[in-house]
Amino acid sequence: MINPRRMTSLQRTQQRMAVLFILPALAVYALFVLYPLLMSLWGSFFTWRGLRMQEFAGLSNFARLFVFPSGERLYGALWHNVAWFFGIMLFQNGLGLLFAWLLFLRDRGAAFFQSVFFFPAVLSPVIVGALWRLLLAPGGIAEWALNGLGLHQGSLTVLGNSHTALAMLIAVDAWNWMGLPVLIYTAGLRQISGQIFEAARLDGASNTRMLVSVALPLLMPAVGTLTTLSFINTFNQFDIVYVMQGVQGNPSYSTDTLVTYFYRLAFGAEGAVGITDIGLALALGTMLFLILSIGTLMMLRFFDRRTVQL
Amino acid sequence: MPSLARLPGWTVLVLWTAAVLLPLYILVVSCFKTTAEIYDNRLGLPQSFVFDNFVKAWTRADLGQNFINSLIVTGGAVILTIVVSAMAAYPLSRYRLGWNGIMLGLFLSGIMLPIRLASVELFTLMRNLGLLDSLTGLILVYSAIRIPFAVFIFANFMRVLPSELDEAARMDGAGEARILFQIILPMVKPAVSIVAIFTAIAVWNDFFFPLIFIFDDRYKTVPLAISVFVGQFRTDWGLVFASLAISMAPILIMYCLLARQIREGVGAGGGMK
Chain A
1 MINPRRMTSL
11 QRTQQRMAVL
21 FILPALAVYA
31 LFVLYPLLMS
41 LWGSFFTWRG
51 LRMQEFAGLS
61 NFARLFVFPS
71 GERLYGALWH
81 NVAWFFGIML
91 FQNGLGLLFA
101 WLLFLRDRGA
111 AFFQSVFFFP
121 AVLSPVIVGA
131 LWRLLLAPGG
141 IAEWALNGLG
151 LHQGSLTVLG
161 NSHTALAMLI
171 AVDAWNWMGL
181 PVLIYTAGLR
191 QISGQIFEAA
201 RLDGASNTRM
211 LVSVALPLLM
221 PAVGTLTTLS
231 FINTFNQFDI
241 VYVMQGVQGN
251 PSYSTDTLVT
261 YFYRLAFGAE
271 GAVGITDIGL
281 ALALGTMLFL
291 ILSIGTLMML
301 RFFDRRTVQL
Chain B
1001 MPSLARLPGW
1011 TVLVLWTAAV
1021 LLPLYILVVS
1031 CFKTTAEIYD
1041 NRLGLPQSFV
1051 FDNFVKAWTR
1061 ADLGQNFINS
1071 LIVTGGAVIL
1081 TIVVSAMAAY
1091 PLSRYRLGWN
1101 GIMLGLFLSG
1111 IMLPIRLASV
1121 ELFTLMRNLG
1131 LLDSLTGLIL
1141 VYSAIRIPFA
1151 VFIFANFMRV
1161 LPSELDEAAR
1171 MDGAGEARIL
1181 FQIILPMVKP
1191 AVSIVAIFTA
1201 IAVWNDFFFP
1211 LIFIFDDRYK
1221 TVPLAISVFV
1231 GQFRTDWGLV
1241 FASLAISMAP
1251 ILIMYCLLAR
1261 QIREGVGAGG
1271 GMK
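Chains as they are written, first to last, in the numbering used here: chain A, 1 to 310; chain B, 1001 to 1273.
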């Protein structure tokens, strides 16, 4: 801190101007982000009647969250989020690394392919979800194509089948965001000195070997960024589920996520408006907040330690 | 490397290109087809380019009003975010205040905060402020969410400008507001475009906050309207395809014009969603 008595007149003006300049941004941010978030965390320790806070209830909301009838929904949704995260890590970030490596090895076409691959990422998940819902619907073009190729017979009901619906949503999400790992990995690969790859090639390393043993360890910051982003996005997953399967995570909750469950507890489900449980919703929100913050911090530390310095 | 050895790699890249472009191609051609034609002629070009579906989507489904609402909300949020964030970033990055670090940290912590989980309290707050069913309400909430990222970007760009810039202007008697808006801000144009592009994309595409704050059809934004269409006009595929095309048009135009900036912005920062 600067001692106020030893401030020059410039510093005094700057202190005053700084407060004036920061205030608008701080006011909007504090009122619409920090305040509701803190109130939500605080409110999860109270009982609620509708949208009115009643009395202090300790951890009883949290206890109710884990037992019948909420427990079944909670564990189901949690498992779907975890499966979603690993699915995205494998299909989106794994394939994305392969695509980025292939683009890195070629001196032509990188900008074109990057632009095409990234395009779905600038579309709203609502548009992406609606588009794929039409394509995958019974009688839709995917059914027609699979029938025509002889790979499938009859009506295609992948979104209506509780064994396949979640996997389809994960695939649609990966389609949506594939451009992100491609861009981040290519940017990371371009920062690695060309001499390193040259030396590895002279030692007779194959392309696969160079990717796994040379490039990947040096790409740890990019892997860390993507893992953290995917983790945050997966555990906030809502839009695609809502548009493609409804807020209940149909069929029979097989695509339910923590945020769709949170939404139903807070705002009610389609056709059953009014059946809300704010105490339970806030407890779920607090739990998700803890999962996200602790998870993010752990991942950042984990990848920070694995960053190779050259 | 012999060119034949590169063939499998090229095949993989071309296959994913097809996986991206084919659904979008089907979307575009289906806009011009009747529902019957969509079933009969799956992949081909439409028999004739008629705009019936677009007209129906724009008028009967009232997508026109949604479109205007989305433009107002996106424009308002982009301008508000840029102005207040640039104002906050200027003293935080260029004055010696003694509390720069703490304040920046407070803003930066907001980049990762899961604000959707606060939506119950946010709903109560908006109701008490009379901001439900209001485009102004959406503009304020979106700006609040985007301010942390914008302050971060502006502070990073402003920090590296030479200090002679504002010192010389101050000697000439320019006020601090004038130094910021007439000298500093024009020097950080790349930051302004990064903030504008990513705020515009995030706000145009969002559907969660309209879903909980907007009940009146007159104030619905495009993504919210689309989520209703998909159920409502389930059998009228041509209409749904056309409304999807209309809603992605502004983003598509922006993407074609700014693809390079977007690629570089994402590759450098990553923090977009």
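A virtual CB, placed ideally from N, CA and C, is assigned to each residue, including glycine. Predicted model only: the values in this text are computed from it and were never measured.
Considering only the beta carbon of each residue, do residue i and residue j sit closer than 8 angstroms?
{"i": "Leu980/B", "j": "Ile1184/B", "result": "With chain B covering only 1001 through 1273, there is no way to say anything about residue 980/B."}
{"i": "Phe45/A", "j": "Ala57/A", "result": "yes"}
{"i": "Gly285/A", "j": "Ser124/A", "result": "no"}
{"i": "Phe1107/B", "j": "Tyr35/A", "result": "no"}
{"i": "Asn93/A", "j": "Pro217/A", "result": "no"}
{"i": "Tyr253/A", "j": "Arg73/A", "result": "yes"}
{"i": "Thr1074/B", "j": "Trp1204/B", "result": "yes"}
{"i": "Lys1033/B", "j": "Pro1023/B", "result": "no"}
{"i": "Asn1100/B", "j": "Leu1113/B", "result": "no"}
{"i": "Arg1226/B", "j": "Val126/A", "result": "Before going on, a small fix: residue 1226/B reads as Ile here, not Arg. Closer than 8 angstroms, so yes."}
{"i": "Val266/A", "j": "Ile278/A", "result": "Per the sequence presented here, residue 266/A reads as Ala, with Val not at that position. Yes, the pair counts as a contact, with Cβ atoms nearer than the cut-off."}
{"i": "Thr257/A", "j": "Ala77/A", "result": "yes"}
{"i": "Pro312/A", "j": "Gly194/A", "result": "In the structure as shown, chain A starts at 1 and stops at 310, and residue 312/A therefore has no counterpart that could be examined."}
{"i": "Leu290/A", "j": "Asn61/A", "result": "no"}
{"i": "Val214/A", "j": "Phe197/A", "result": "yes"}
{"i": "Ile1013/B", "j": "Leu102/A", "result": "Reading off the sequence, residue 1013/B comes out as Leu, not Ile. In this structure, Leu102/A lies closer than 8 angstroms to Leu1013/B by Cβ."}
{"i": "Asn1066/B", "j": "Val1222/B", "result": "yes"}
{"i": "Ala142/A", "j": "Leu135/A", "result": "yes"}
{"i": "Asn99/A", "j": "Phe86/A", "result": "For the record, residue 99/A in the displayed sequence is Phe; it is not Asn. The answer is no: Cβ separation not under 8 angstroms."}
{"i": "Leu280/A", "j": "Leu65/A", "result": "yes"}
{"i": "Val1078/B", "j": "Ala1196/B", "result": "yes"}
{"i": "Ile1082/B", "j": "Val1228/B", "result": "no"}
{"i": "Thr349/A", "j": "Trp84/A", "result": "What is shown of chain A runs 1 to 310, which leaves residue 349/A out entirely."}
Between residue i and residue j, which are expected to be in contact by the criterion C-beta below 8 angstroms, what is the C-beta distance as a whole number of angstroms?
{"i": "Pro32/A", "j": "Ala1088/B", "result": "A small correction: the amino acid at residue 32/A is Phe; Pro does not occupy that position in the sequence shown. Not really, about 15 angstroms apart at Cβ, beyond 8 angstroms."}
{"i": "Leu183/A", "j": "Gln114/A", "result": "6 angstroms"}
{"i": "Val122/A", "j": "Tyr1255/B", "result": "5 angstroms"}
{"i": "Val1240/B", "j": "Ala130/A", "result": "7 angstroms"}
{"i": "Met1103/B", "j": "Ile22/A", "result": "7 angstroms"}
{"i": "Leu159/A", "j": "Arg201/A", "result": "Their Cβ separation, rounded to whole angstroms, is 47 angstroms, which puts Leu159/A and Arg201/A out of contact at 8 angstroms."}
{"i": "Leu1132/B", "j": "Phe1213/B", "result": "6 angstroms"}
{"i": "Val1188/B", "j": "Phe1154/B", "result": "7 angstroms"}
{"i": "Met299/A", "j": "Phe231/A", "result": "6 angstroms"}
{"i": "Ala174/A", "j": "Ile88/A", "result": "6 angstroms"}
{"i": "Ile1246/B", "j": "Phe1054/B", "result": "7 angstroms"}
{"i": "Val247/A", "j": "Ala222/A", "result": "Val247/A to Ala222/A, Cβ: 35 angstroms. No contact."}
{"i": "Thr255/A", "j": "Leu169/A", "result": "6 angstroms"}
Whose Cβ in chain B lies nearer than 7 angstroms to the Cβ of residue i?
{"i": "Val28/A", "result": "Val1084, Leu1140, Ser1143, Ala1144, Ile1147"}
{"i": "Thr255/A", "result": "Per Cβ cutoff of 7 angstroms: no residues; Thr255/A is ~16 angstroms from chain B at best."}
{"i": "Met39/A", "result": "Glu1121"}
{"i": "Pro36/A", "result": "Ala1118, Glu1121, Leu1122, Leu1125"}
Which bits of chain A does residue i rub up against, with CB to CB less than 7 angstroms?
{"i": "Leu1244/B", "result": "Ile127, Ala130, Leu131"}
{"i": "Tyr994/B", "result": "Nothing can be reported for residue 994/B: it is not among the residues displayed for chain B, which extend from 1001 to 1273."}
Give the range of the alpha helix (DSSP H) segment to which residue i is assigned.
{"i": "Thr286/A", "result": "278-305"}
{"i": "Arg64/A", "result": "60-66"}
{"i": "Met53/A", "result": "No alpha helix (DSSP H) holds Met53/A; the beta strand (DSSP E) holding it covers 52-56."}
{"i": "Leu103/A", "result": "95-105"}
{"i": "Ala199/A", "result": "194-202"}
{"i": "Ser9/A", "result": "9-29"}
{"i": "Gly246/A", "result": "First-last for Gly246/A: undefined, no H or E at that position."}
{"i": "Trp42/A", "result": "35-43"}
{"i": "Asp1236/B", "result": "Premise fails: Asp1236/B is in no alpha helix (DSSP H) and is neither H nor E."}
{"i": "Thr1124/B", "result": "1119-1128"}
{"i": "Thr260/A", "result": "258-267"}
{"i": "Pro221/A", "result": "220-235"}
{"i": "Pro69/A", "result": "No alpha helix (DSSP H) contains Pro69/A, which DSSP labels as neither H nor E."}
{"i": "Leu151/A", "result": "Where Leu151/A is concerned, there is no enclosing alpha helix (DSSP H), given that its DSSP letter is neither H nor E."}
{"i": "Met1103/B", "result": "1100-1108"}
{"i": "Ile170/A", "result": "165-177"}
Interface residues of chain B around residue i at Cβ under 9 angstroms?
{"i": "Gly94/A", "result": "Those within 9 angstroms of Gly94/A in chain B number zero; the least Cβ separation is about 13 angstroms."}
{"i": "Tyr242/A", "result": "Phe1207, Phe1208, Leu1211, Ser1227"}
{"i": "Phe267/A", "result": "Ser1119, Val1120, Phe1123, Leu1211, Ile1212"}
{"i": "Met210/A", "result": "What Met210/A touches in chain B: nothing, since even the nearest Cβ is about 12 angstroms away."}
From which residue to which residue does the beta strand (DSSP E) around residue i run?
{"i": "Arg49/A", "result": "46-49"}
Residues of chain A with CB under 8 angstroms from residue i, in chain order?
{"i": "Glu1164/B", "result": "Chain A residues near Glu1164/B: none, gap ~15 angstroms exceeds 8 angstroms."}
{"i": "Gly1009/B", "result": "Leu102, Leu105, Arg106"}
Just the chain B side, please: which residues come within less than 8 angstroms of residue i by C-beta, in chain order?
{"i": "Ile22/A", "result": "Met1087, Ala1088, Pro1091, Leu1092, Met1103"}
{"i": "Leu292/A", "result": "Met1112, Pro1114"}
{"i": "Val158/A", "result": "Correct list: empty, because the minimum Cβ distance to chain B is about 15 angstroms."}
Below 9 angstroms on C-beta distance, what does residue i contact in chain A?
{"i": "Glu1037/B", "result": "Under the 9 angstroms cutoff, chain A gives no residues; its nearest Cβ is about 13 angstroms from Glu1037/B."}
Restricting to runs no shorter than 4 residues, where is the alpha helix (DSSP H) found entirely within the segment 1137-1223 of chain B? 1164-1171, 1189-1205, 1208-1213
Would you mind listing the alpha helix (DSSP H) stretches within the segment 1026-1069 of chain B that are 4+ residues and don't spill past its ends, in chain order? 1035-1040, 1052-1059
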